[in-house]
Amino acid sequence: MRRERRGAGTGMGCAALLWGTILLGCSCGPGPPRVGAAPLLAATYVLDDADGLGREFDGIGAVSGGGATSRLLVNYQEPYRSQILDYLFKPNFGASLHILKVEIGGDAQSTDGTEPSHMHYENDENYFRGYEWWLMKEAKKRNPKIKLIGLPWAFPGWIGKGENWPYDYPDITAYYIVSWILGAKQYHDLDIDYVGIWNERAFSSKYIKLLRYTLDKHGLEQVRIIASDRLWEPISFVMLSDSELHEVVDVIGAHYPGTKTVQNALLSGKKLWSSEDYSTFNDDVGAGCWARILNQNYVNGNMTSTIAWNLVASYYEELPFGRCGLMTAQEPWSGHYKVESPIWITAHTTQFTQPGWSYLQVDGHLEGGGSFVALTDGLGNLTIIIETMSHNHSKCIRPPLPNFSVIPQRATFYLRGSFYMVETLQVWHSRLDFESGKSSLFQQLHPVKVWRGRFTLDLNVDEVYTLTTLKTGQKCGYPEPPPPQPFPSSYKDDFNIRNPAFSEAPNFADQTGVFEYFVNASDPGDHVFTLRQVVVQRPITWVSDADQTISVIGNFKWVNLTVTCDIYIEKPRDGGVFIAGRVDNGGIYVRRTKGVFFWVFADGTYRVTSDLAGKEILMKGLAGVRDNAWHTLTLNIQGNSASGLLNGYPLWENVSVSRPKNGWAALGTRSFEFAQFDNFHVE
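Just so you know, the sequence shown maps onto residues -28 to -1, 1 to 655 in mature numbering (1 follows the signal peptide of the UniProt record, and there is no 0).
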């Protein structure tokens, strides 16, 4: 029988015990062998705190950013947006994350889009751009104890004074990062707990020391430094040979370590984290990957925190690494979202541990394959997490996974030391079913009786068990969200919003440059509220941003479409803007974007090209457009033919377009330049 408790007036349900699956492989003794089955491999494991504990546990988390991975989340209507946030952050509800790591926006492409900087220009500060401030506040609202991390992927161009490098003027870079931390507190009452250096790029020892000095000078002694968010080396080696650097780095963070660490990292005596991991398609194999590394990052690599990229797949799925989030929320226009299996795998650890708990000193490898970890709060509580993920069902996107085998097995655990008196353990169970596709996720089974400090468990392949003294676990949920729908086939935005909640217009996904709501105080007429491209200097990039700016929108499957937009070139002489259709690329691949691009330039000419770079010219001529005046562009693509209108009159027609066959709509500029857009309409 299934009993459900309903939250008062919330429409939320939390499943209670599933009595129907009592003792699924949980027995209090050896139990009878299964009829006709070969005897199970049997092994014993001891959990004891008498000789002290292992490393301190620092929590499980996820990344928003690196980049623009939460872009579409903010545009969800209520109640769906709050429901998604509850699944991610609310304690004892869903993923119950301990850590939220966000990108410190740098105006540059950082995987699936650009995130705006708090300082586009040297004399500019604005702590309300983008959505990471909002997301951190929503996380804190649900879990006041959640830890916050900031990490830059890119930097505005002025920091490098024209060079694509943030360390030539380390005092400027340190001031820029510290201003973000101060702004988080001043404007949002957010305390940032950790800060990183430069995501997956070079570090500078001089800069790290200066960052520590600048933090301390501004009263931010409590902010800890993580380095270097890349590989274990060379940071570990350099720290061992530079005592001053060793002193200022609190955590060595490595990315995608494959559950392994290196000797120098261990010798440093520092906390070791997998500060970015997972990055895998969020089906059941992704859940298997996540289950395996959550345990084995500690078992094999002594890592006390694992942070998933990314938090929630809230970006157009055809961008790079589509659906590589713990859950999926990529349809704000329909309200549809999906609580994917990695959410419930996360809960196996997060709902029954807290940062500040300690791991027990155990080997952690199961004889029949798989792993276990045990943690305690030091106050008598014990949580054991067991995973038996098979090789083919737990491959992460990277690094390659060496072969191993997992077989059904019988595990007997002996509780010693302060745990000898434990009489009962609550049991939570997941089984990833790759045969039927009907996985059972995070179900509460009948408690296990511990007899004289001993209990036995029959473990099958591709399972996760949590056994815990805590009785607070809950699998909660909301009614099914609305069904999925494609992006509306007719979409308009006039950007007429006086006090927008966010700096960016809904559903536009900036891929180079930053497009923001703008109040055009000098305009007497219809264009007071516009969308403006505001990055005017090439940023210190993380990947190869385009030389043009571009923001995409819509349905990637679109073939025949008409895009209309009012445009305003601000840059005299060589300024220019475009509207486009069938745009086929973005993210880290933005430089190679193809489509149908209709350009007009301040010198009065126009072009039609099949690429964002503007090299593959299909048609060109005179348009008579000038800067600092409004014009209306219309691009019509039908089958293999395209035509363009200027201010409602045909400018060019019957241009042959064969590929790409489909893609998004887009708008953008010729270079990093100011330009405005208004009355956008795609049909």
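All C-beta atoms, glycine included, are put in the ideal place defined by N, C-alpha and C.
Review point. If Pro632 and Asp556 are in contact, beta carbons under 8 Å, what's the gap, nearest whole angstrom?
Key: As a working note, residue 632 is residue 660 in the sequence shown. As a working note, residue 556 is residue 584 in the sequence shown. Right, their Cβ atoms sit about 4 Å apart.
Review point. Can you tell which of Ala14, Gly(-16), Cys(-15) has the C-alpha that lies nearest to the C-alpha of Ile379?
Key: In the sequence shown, the residue the question calls residue 379 occupies position 407. It is Ala14 whose Cα lies nearest to the Cα of Ile379.
Exercise for review: Can you grab the Cα-Cα spacing for the pair Gly596 / His603, in whole Å?
Suggested key: Taking the first residue of the sequence shown as 1, we reach residue 596 at position 624. Taking the first residue of the sequence shown as 1, we reach residue 603 at position 631. Spanning the two alpha carbons is a distance of roughly 10 Å.
Point to revise | residue 657 in three-state terms, based on DSSP | key: What is shown of the chain runs -28 to 655, which leaves residue 657 out entirely.
Review point. So what does Pro124 bridge to, in DSSP terms?
Key: Residue 124 sits at position 152 when you count from the first residue of the sequence shown. Bridge pairing for Pro124: Ile76 [DSSP].
Point to revise | Inter-residue spacing [alpha-carbon to alpha-carbon] between Val486 and Pro622 | key: For this step, residue 486 is matched to residue 514 along the sequence shown. For this step, residue 622 is matched to residue 650 along the sequence shown. The alpha-carbon atoms of Val486 and Pro622 are separated by roughly 31 Å.
**Study point:** Integer Cβ distance of Gly558 from Val524, believed to fall under 8 Å
**Key:** Along the sequence shown, one-based indexing puts residue 558 at 586. Along the sequence shown, one-based indexing puts residue 524 at 552. Going by Cβ atoms, the distance from Gly558 to Val524 rounds to 6 Å, so yes, they are a contact pair.
Check your understanding: Relative to the alpha-carbon of Val74, which residue among Leu404, Ala280, Gln268 has its alpha-carbon at the smallest distance?
Key -> In the sequence shown, counting from the first residue as 1, residue 74 sits at position 102. That would be Ala280, whose Cα lies nearest to the Cα of Val74.
Review point. Contact between the region 418 to 438 and the region 446 to 456: three or more CB pairs below 8 Å?
Key: no
Check your understanding: Ser177 to Arg196, Cα distance in whole Å?
Key -> Counting from 1 along the sequence shown, the entry for residue 177 is found at position 205. Counting from 1 along the sequence shown, the entry for residue 196 is found at position 224. In a straight line, the C-alpha of Ser177 is about 16 Å away from that of Arg196.
Point to revise | Same chain, Cβ closer than 7 Å to Ser343, neighbours up to 5 away in sequence not counted | key: Taking the sequence shown and counting its residues from 1, the one referred to as residue 343 is at position 371. Counting only Cβ-Cβ distances below 7 Å, and skipping sequence neighbours, we find Asn267, Gln268, Val271, Gly336, His337, Glu359.
Check your understanding: According to DSSP, which residues form a beta bridge with Ser412?
Key -> Stepping through the sequence shown from its first residue, residue 412 is reached at position 440. Answer by DSSP bridge pairing, in chain order: Arg403.
Check your understanding: Run through DSSP, which three-state label would Val18 get?
Key -> On the sequence shown, residue 18 is found 46 positions in, with the first residue counted as 1. Residue state, collapsed to three classes: strand.
Review point. Fully enclosed by the region 256 to 322, which alpha helix (DSSP H) runs are 4 residues long or longer?
Key: Within the region 256 to 322, the complete alpha helix (DSSP H) segments at least 4 residues long are 256 to 271, 313 to 322, listed from N- to C-terminus.
Point to revise | Gln326 versus Gly352 - alpha carbon distance | key: Here residue 326 refers to the residue found at position 354 when the sequence shown is read from its first residue. Here residue 352 refers to the residue found at position 380 when the sequence shown is read from its first residue. One C-alpha to the other measures close to 14 Å.
Practice item. Ignore the nearest five residues each way along the sequence and tell me which others in residue 714's own chain have a CB closer than 8 Å to its CB. Key: The structure shown does not extend to residue 714, since the chain spans only -28 to 655, so no value can be given for it.
Review point. For the candidate residues Leu413, Pro458, Met393, whose alpha-carbon lies nearest to that of Phe427?
Key: For the purposes of this step, residue 427 is taken as the residue at position 455 of the sequence shown. When only C-alpha atoms are compared, the closest one is Met393.
Practice item. Grab me the residues of Ser643's own chain with a C-beta within less than 7 Å of its C-beta, minus the 5 sequence neighbours each way, in chain order. Key: On the sequence shown, residue 643 is found 671 positions in, with the first residue counted as 1. Contacts found: Asp519, Gln520.
Review point. Among the residues of its own chain, which have a CB less than 6 Å from the CB of Thr641, if the five just before and after it don't count?
Key: Reading the sequence shown from its first residue, position 669 is the one you call residue 641. Once the five neighbours on either side are set aside, the close Cβ partners of Thr641 are Gln505, Thr521, Val549, Ala647.
Check your understanding: According to the neighbour-count rule (16 or more other Cβ atoms, all chains shown, within 10 Å of its Cβ), is Phe376 buried or exposed?
Key -> Looking up residue 376 in the sequence shown gives position 404. Exposed, by the Cβ-count rule.
Exercise for review: Kindly list the residues whose CB is nearer than 6 Å to the CB of Thr438, restricted to its own chain and excluding five residues on each side of it in sequence; keep chain order.
Suggested key: Counted from its first residue, the sequence shown places residue 438 at position 466. Within the same chain, Thr438 has close Cβ partners His320, Phe324, Ile357, Trp400.
**Study point:** Proximal residues to His363 (C-beta, below 8 Å), its chain only, five neighbours per side dropped
**Key:** Mapped onto the sequence shown, residue 363 falls at position 391. Counting only Cβ-Cβ distances below 8 Å, and skipping sequence neighbours, we find Leu373, Asn375, Phe376, Ser377, Val378.
Check your understanding: For Phe646, which three-state DSSP category applies?
Key -> As a working note, residue 646 is residue 674 in the sequence shown. Note: Phe646 maps to coil in three-state DSSP.
Point to revise | Asp599 to Gly576 span [Cα, whole Å] | key: To locate residue 599, count along the sequence shown from 1; it is residue 627. To locate residue 576, count along the sequence shown from 1; it is residue 604. About 9 Å.
**Study point:** Member of Thr440, Met299, Gly260 whose CA lies at the smallest distance from the CA of Leu347
**Key:** For the purposes of this step, residue 347 is taken as the residue at position 375 of the sequence shown. Residue Thr440 is the option with its Cα nearest to Leu347.
Review point. Which whole-angstrom value describes the C-beta separation of Leu107 and Ser36, a residue pair presumed to lie in contact below a C-beta threshold of 8 Å?
Key: Looking up residue 107 in the sequence shown gives position 135. Looking up residue 36 in the sequence shown gives position 64. With a Cβ gap of about 6 Å, Leu107 and Ser36 count as contacting.
Review point. Taking just the CA atoms, how far does Asp21 sit from Ala126?
Key: Locating residue 126 in the sequence shown gives position 154, counting from the first residue. Locating residue 21 in the sequence shown gives position 49, counting from the first residue. Going by the C-alpha atoms only, they are around 45 Å apart.
Point to revise | alpha helix (DSSP H) segment containing Tyr179, residue limits | key: One-based indexing of the sequence shown puts residue 179 at position 207. Residues 177 to 189.
Point to revise | Beta-carbon proximity check, Pro138 vs Ile512, cutoff 8 Å | key: Residue 138 sits at position 166 when you count from the first residue of the sequence shown. Residue 512 sits at position 540 when you count from the first residue of the sequence shown. In this structure, Ile512 lies closer than 8 Å to Pro138 by Cβ.
Exercise for review: Using a threshold of 8 Å, state whether the C-beta atoms of Tyr179 and Pro128 are closer than that.
Suggested key: Start at 1 with the first residue of the sequence shown, and residue 179 comes out as number 207. Start at 1 with the first residue of the sequence shown, and residue 128 comes out as number 156. Between Tyr179 and Pro128, the gap from beta carbon to beta carbon reaches 8 Å or more.
Check your understanding: When the Cα of Ile131 is compared with those of Tyr103, Arg114, Asn95, which residue comes out closest?
Key -> The residue given as residue 131 occupies position 159 in the sequence shown. For Ile131, the nearest C-alpha among the options comes from Asn95.
**Study point:** Own chain partners of Asn254 with C-beta closer than 8 Å, once the 5 adjacent residues on each side are dropped
**Key:** Here residue 254 refers to the residue found at position 282 when the sequence shown is read from its first residue. If we look at Asn254 and ignore the five residues flanking it on each side, its Cβ neighbours are Ala285, Arg295, Cys296, Gly297, Leu298, Met299, Thr300, Glu312, Ser313, Pro314.
Practice item. Report yes if the C-beta distance between Trp204 and Thr233 is below 8 Å; otherwise report no. Key: One-based indexing of the sequence shown puts residue 204 at position 232. One-based indexing of the sequence shown puts residue 233 at position 261. Against a cut-off of 8 Å, the Cβ pair of Thr233 and Trp204 comes out as a contact.
Review point. How about Tyr331 and Gly31: do their beta carbons lie closer than 8 Å?
Key: Locating residue 331 in the sequence shown gives position 359, counting from the first residue. Locating residue 31 in the sequence shown gives position 59, counting from the first residue. For Tyr331 and Gly31, no; Cβs fall outside 8 Å.
Review point. So what's Arg196 in DSSP terms, helix, strand or just coil?
Key: Counting from one through the sequence shown, the residue named residue 196 turns up at place 224. Correct three-state label for Arg196: strand.
Review point. Touching or not, the region 64 to 78 and the region 493 to 503, by the rule of three or more beta carbon pairs under 8 Å?
Key: Result no; under three Cβ-Cβ pairs closer than 8 Å.
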